[in-house]
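Taking it in order: structure first as structure tokens, then the write-up.
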Amino acid sequence: MATPQQNIEPYPVPAAQPAPAPLPNPQGCQFCGGTPTLKTTVRGHQGMVIIMRFLKVRGLFCRTCGIAVHREMTTKTLWQGWWGIASLVIAPITLVINLVARVRFGRMTPPANGMRPPLDPGKPVIRRAGAIGVLAPFLIVGAVALGAELDDSADTAEVGACMHIGGTENAPEANVVDCGSAEAQFKVAERHEGSDAHCDRTVYSEYAEYGGRESFTLCLAPLP
Ligand SMILES: [Zn+2]
């Protein structure tokens, strides 16, 4: 009695196959497959005034791929991280968190046994064009401070400030001026919130503003 095996056609010799791809090492770098790896997260932040984007690459990084991703994310954050009030706070936090990952990458040995070459780390962040973006927060803060400095409108007048009142009787233009300048006519003796406060008119001239951002009354002592 024939055994079933004897009735089976000879198994065709398979055509030459490409060598099977090596199984990815589950402990290997998610980009190149190399080892050793560090399990961590590299973040980026983009502020866009209204919306914000939180970027995140999580997983296993070898030294080279980790440095490549860190440099990419850091440059993005330096360039695009600042554009919004919240972002001015979030961007530096992102950079500091990334710095921790960067230090740990730097302590690793270069990857070996990868399936493909690791990512190109490229130039250090400091030599990339985007790094100039690190100046953005200083420029923003500087511009705001300069704007406040240049704002000489009457609503910035504090007690002791000197004023020049120009314009016409019906449309006076009051500006804060330097007390040493020839334009200085009055010194602010009192400042009251609201436009219904009244100065002692036997001593002071009065300047009131209302309907704008805030209502206030300035009692002005004439300068000699
Ligand atoms: Zn890698």
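Counting from 194, one number per residue, gives the positions in the sequence shown under this note's numbering. Backbone N, C-alpha and C define an ideal beta-carbon position, used for all residues, glycine too.
Contact annotation, Thr410 with Ala390: C-beta distance approximately 4 Å; criterion of less than 8 Å satisfied. Here Ser408 carries a coil assignment [DSSP, helix/strand/coil]. Here Gly240 carries a strand assignment [DSSP, helix/strand/coil]. Under the three-state reduction of DSSP, Thr268 is assigned to helix. Set against 8 Å, the gap from the CB of Leu312 to the closest heavy atom of ligand 1 is smaller.
Here Glu265 is buried: its Cβ has 16 or more other Cβ atoms, across all protein chains shown, within 10 Å. Pairing Ala322 with Asp348, the inter-Cα distance amounts to about 42 Å. At a cut-off of 8 Å, the beta-carbon of Phe247 does not count as near ligand 1: no heavy atom of the ligand is closer than that. The Cβ atoms of Pro330 and Pro285 lie closer than 9 Å to each other. In this structure, the straight-line span from the alpha carbon of Val289 to that of Leu281 is close to 13 Å.
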